[in-house]
Amino acid sequence: MTVYLVRRAFRRSPPAVAWLLAIAVGLGTWATAPYAPTSGLADPLWSVCLVGAAAGLLLEPHPFRRPALALLLLTVAVLTKNEGMVTGSLLALLVVIRSRRELHRAWLVWLPVLAGGGWALLVRGLGARSDVTEGSRMERMLAGGPEVLDRAGRTLDAFRDNVGPLLTGTVLVALFGMVFLRRQRRAKRLGSDLWLWNLLVGYLTVLALTHVVGPNDIQWWLRTSVARVTLPGTLLAILICAGWIAAAIGQRPSLEHADEPYSGRANPPPAIEAEADITPVGPRCGCRPGKTKASGPSGRVMALRHAGSNLGRHLFEDGIMYASSEPCPCASGLLLGTHSTSDLRGEQPRCGDLRLRRPSVLPLGSVSKCA
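Using this note's numbering, you'd call the opening residue of the sequence shown number 10 and step up by one each time.
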């Protein structure tokens with residue numbers, strides 16, 4: 010399921026590339042502790058579920074259109090281990106911040122966290138206890154001293170040996186991508202990798218503090234668990250690298266180039282023209298009845314205008330019309346491409362974003378963007 014969600018997030022890359030990158034993320038489960046997936050340990054399970062949920066909720070342009078699978082994986086992660094509960098809560102917070110304009114849908118991400126919290130209270134009421142949480146000494150860290158410094162140093166050394174080289178390479182890849190591939194990433198509508206970085210750094214910070222204040226002998230604890238517990242950081246780092254590779258391969262037109270002429274070398278699509286009606290939606294609407302026109306090559310980014318104002322730039326891709334800004338609420342959009350207005354589903358989650366049932370051979374059509 011995680012491989013599928015990663016593949017779905019990379020769907021605007023060539024299919025072979027998207028599948029290879031998704032499979033690489035899945036195979037990362039064996040990276041730091043090859044024995045863990047076949048030993049019945051919980052760490053690989055909640056780690057791979059967390060990464061799948063992160064791909065579906067932090068990389069998708071509209072994560073709450075099809076959120077069921079991502080929310081299911083997040084539920085598994087928070088119910089499996091204490092670390093999953095803490096990291097799942099952080100993921101939910103990041104998703105809410107990212108989707109703050111869709112809070113009427115984003116609240117769904119807290120359902121798995123509530124399920125995890127309810128389960129923790131239930132097992133605690135039945136007498137279950139955790140040696141880590143029960144035996145932690147927060148005052149030990151606040152007081153400082155040689156013991157805290159020694160535990161912190163040993164913990165950081167163990168982290169460096171296990172995930173240090175991978176994180177260093179990931180930082181270099183991310184810096185290269187931010188400098189040279191930002192436009193390609195935006196064109197493919199991939200979420201910013203900064204969300205994944207926040208999740209990765211947050212998890213490793215909580216993990217390090219747990220080892221510093223925990224009750225167990227630090228040498229034994231790190232020797233027996235560090236390869237397993239750093240697995241989520243490893244998978245998130247692989248996912249970050251995979252995102253930039255997906256952005257680099259198989260470029261598509263960007264919204265920044267809406268007014269540029271078609272630059273294809275062979276067989277450019279024919280120029281077409283379309284016209285749509287303008288119908289005011291209410292007394293507060295400042296638009297007057299009339300028509301708006303647009304022309305250009307099929308399948309390209311178009312800029313629509315009405316009454317001298319820009320109605321937004323639109324990119325038709327995978328049967329969906331994308332808008333870079335909220336258009337006039339009473340304007341009609343122009344389908345410039347290979348789609349027919351008779352194929353509309355009627356699903357209109359937001360202005361300038363219409364999903365088509367199937368492609369059509371008709372070159373253009375007129376649809377209402379907002380009701």
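We put the CB at the ideal spot given by N, CA and C, even for glycine.
*Counting only the same chain and skipping the five closest in sequence on each side, list residues whose C-beta sits under 6 Å from that of residue 83.*
Counted from its first residue, the sequence shown places residue 83 at position 74. Around residue 83: 62, 97, 121.
_Does residue 31 come out as helix, strand or coil in the three-state DSSP assignment?_
Here residue 31 refers to the residue found at position 22 when the sequence shown is read from its first residue. The answer is helix: DSSP assigns residue 31 an H, G or I state.
*Give me the Cβ distance between residue 238 and residue 164, rounded to the nearest whole Å; I'm assuming they're in contact under 8 Å.*
Along the sequence shown, read from residue 1 onward, the residue named residue 238 stands at position 229. Along the sequence shown, read from residue 1 onward, the residue named residue 164 stands at position 155. Incorrect: roughly 11 Å between the Cβ atoms, too far for contact.
_Beta-carbon spacing of residue 244, residue 56 below 8 Å_ = In the sequence shown, the residue the question calls residue 244 occupies position 235. In the sequence shown, the residue the question calls residue 56 occupies position 47. In this structure, residue 244 lies near residue 56, with their beta-carbon atoms less than 8 Å apart.
*First and last residue of the alpha helix (DSSP H) that includes residue 71?*
Walking along the sequence shown from the start, residue 71 turns up at place 62. Judged by DSSP secondary structure, residue 71 falls outside any alpha helix (DSSP H); it is assigned neither H nor E.
*Have a look at residue 212 and residue 259 and give me their C-alpha separation to the nearest angstrom.*
Reading the sequence shown from its first residue, position 203 is the one you call residue 212. Reading the sequence shown from its first residue, position 250 is the one you call residue 259. When rounded, the distance between both Cα atoms is 32 Å.
*How is residue 225 classed by DSSP in three states: helix, strand or coil?*
Here the question's residue 225 lines up with position 216 in the sequence shown. Residue state, collapsed to three classes: coil.
*Taking the alpha-carbon positions, what's the residue 185 to residue 86 distance?*
Within the sequence shown, residue 185 is the residue found at index 176, counting from 1. Within the sequence shown, residue 86 is the residue found at index 77, counting from 1. Straight-line spacing of the CA atoms in residue 185 and residue 86 works out to 32 Å.
_Extent of the continuous alpha helix (DSSP H) to which residue 106 belongs_ = Mapped onto the sequence shown, residue 106 falls at position 97. That run of the alpha helix (DSSP H) goes 91-107.
*asked:* Comparing C-alpha positions only, which one of 10, 105, 228, 161 sits nearest to residue 72?
replied: Residue mapping note: residue 72 aligns to position 63 of the sequence shown, counting from 1. Comparing alpha carbon positions, the residue from 10, 105, 228, 161 closest to residue 72 is 105.
_Need the endpoints of the alpha helix (DSSP H) that residue 45 sits in, please._
As a position in the sequence shown, residue 45 is number 36, starting the count at 1. Under the DSSP assignment, residue 45 falls outside any alpha helix (DSSP H); it carries neither an H nor an E label.
*Going by CA-CA distance only, name the one from 42, 248, 34 that's closest to residue 235.*
Here residue 235 refers to the residue found at position 226 when the sequence shown is read from its first residue. Residue nearest to residue 235 within the set 42, 248, 34 is 42 (criterion: CA-CA distance).
*asked:* Applying the 10 Å Cβ sphere with the 16-neighbour rule, what's the burial state of residue 252?
replied: Against the sequence shown, residue 252 aligns to sequence position 243. Buried is the call here.
*Can residue 22 and residue 255 be called in contact, C-beta distance under 8 Å?*
Working through the sequence shown from its first residue, we reach residue 22 at position 13. Working through the sequence shown from its first residue, we reach residue 255 at position 246. Yes; because the gap between Cβ atoms is below 8 Å, this pair is in contact.
*Taking buried to mean at least 16 other C-beta atoms within 10 Å of its own C-beta, is residue 224 buried or exposed?*
Position 215 of the sequence shown holds residue 224. Exposed, since its Cβ has fewer than 16 Cβ neighbours within 10 Å.
*For residue 164, three-class secondary structure by DSSP*: Translated into the one-based positions of the sequence shown, residue 164 becomes position 155. The DSSP-derived three-state label of residue 164 is helix.
*What whole-angstrom Cβ distance do residue 45 and residue 53 have, given they're in contact under 8 Å?*
As a working mapping, residue 45 is identified with position 36 in the sequence shown. As a working mapping, residue 53 is identified with position 44 in the sequence shown. Contact flag correct, Cβ pair sits at about 5 Å.
*Quick one: what's got a C-beta closer than 6 Å to residue 240's C-beta in the same chain, skipping five residues either side?*
As a first step, residue 240 is located in the sequence shown; it is residue number 231 there, counting from the start. Cβ neighbours of residue 240 within its own chain (closer than 6 Å, five residues either side excluded): 41, 52, 56.
*Three-state secondary structure assigned by DSSP to residue 125*: As a first step, residue 125 is located in the sequence shown; it is residue number 116 there, counting from the start. Annotated three-state conformation of residue 125 is helix, per DSSP.
*asked:* Please report the straight-line C-alpha distance between residue 342 and residue 194, rounded to a whole angstrom.
replied: Position 333 of the sequence shown, counted from the first residue, corresponds to residue 342. Position 185 of the sequence shown, counted from the first residue, corresponds to residue 194. With a pLDDT of 40 at residue 342, under the threshold of 50, the predicted position of this residue should be treated as unreliable, though the coordinate-derived value follows. So the two alpha carbons sit approximately 25 Å from each other.
*Taking 8 Å as the cut-off, decide whether the C-beta atoms of residue 181 and residue 78 are in contact.*
Along the sequence shown, one-based indexing puts residue 181 at 172. Along the sequence shown, one-based indexing puts residue 78 at 69. Taking a C-beta distance under 8 Å as the contact criterion, residue 181 and residue 78 do not qualify as a contact pair.
*Decide if residue 188 is buried, meaning its Cβ has at least 16 other Cβ atoms within 10 Å, or exposed.*
Locating residue 188 in the sequence shown gives position 179, counting from the first residue. In summary, residue 188 is exposed, with fewer than 16 beta-carbon neighbours lying within 10 Å of its beta-carbon over all protein chains present.
_Does residue 463 pass the burial test, meaning 16 or more other C-beta atoms within 10 Å, or should it be called exposed?_
This structure cannot speak to residue 463, because the chain is shown only from 10 to 380.
*Mind checking residue 76: buried by the 16 CB within 10 Å criterion, or exposed?*
Here residue 76 refers to the residue found at position 67 when the sequence shown is read from its first residue. It is buried - the Cβ of residue 76 has at least 16 other Cβ atoms within 10 Å.
*asked:* Please identify the residue among 113, 156, 246 whose C-alpha is closest to the C-alpha of residue 74.
replied: In the sequence shown, counting from the first residue as 1, residue 74 sits at position 65. Residue 113 holds the alpha-carbon nearest to the alpha-carbon of residue 74 among 113, 156, 246.
*Since residue 95 and residue 60 are thought to touch, with beta carbons under 8 Å apart, how far apart are those beta carbons, to the nearest angstrom?*
Stepping through the sequence shown from its first residue, residue 95 is reached at position 86. Stepping through the sequence shown from its first residue, residue 60 is reached at position 51. No, residue 95 and residue 60 are not in contact; Cβ-Cβ is about 16 Å, not under 8 Å.
_Close-in-space but distant-in-sequence residues of the same chain around residue 115 (CB under 6 Å, 5 per side omitted)_ = Position 106 of the sequence shown holds residue 115. Closer than 6 Å at Cβ, skipping near neighbours: 105, 108.
*asked:* Considering only the alpha carbon of each residue, which of 134, 10, 30 lies closest to residue 250?
replied: In the sequence shown, the residue the question calls residue 250 occupies position 241. With distances taken between Cα atoms, residue 250 lies closest to 30.
_Span separating the alpha-carbon of residue 325 from that of residue 179_ = Position 316 of the sequence shown, counting from 1, holds the residue named residue 325. Position 170 of the sequence shown, counting from 1, holds the residue named residue 179. Unreliable positioning characterises residue 325 in this predicted model, as indicated by a pLDDT of 36, which lies under 50. A coordinate reading is not provided.
_Contacting residues, own chain, Cβ-Cβ under 6 Å from residue 217 (five flanking each side not counted)_ = Counting from 1 along the sequence shown, the entry for residue 217 is found at position 208. Leaving aside the five residues that flank residue 217 on each side, the residues in its chain whose CB is nearer than 6 Å to its CB run, in chain order, 164.
*List the whole-angstrom C-beta distance separating residue 191 from residue 70, where the pair is believed to meet the contact cut-off of C-beta under 8 Å.*
Taking the sequence shown and counting its residues from 1, one reaches residue 191 at position 182. Taking the sequence shown and counting its residues from 1, one reaches residue 70 at position 61. Incorrect: roughly 15 Å between the Cβ atoms, too far for contact.
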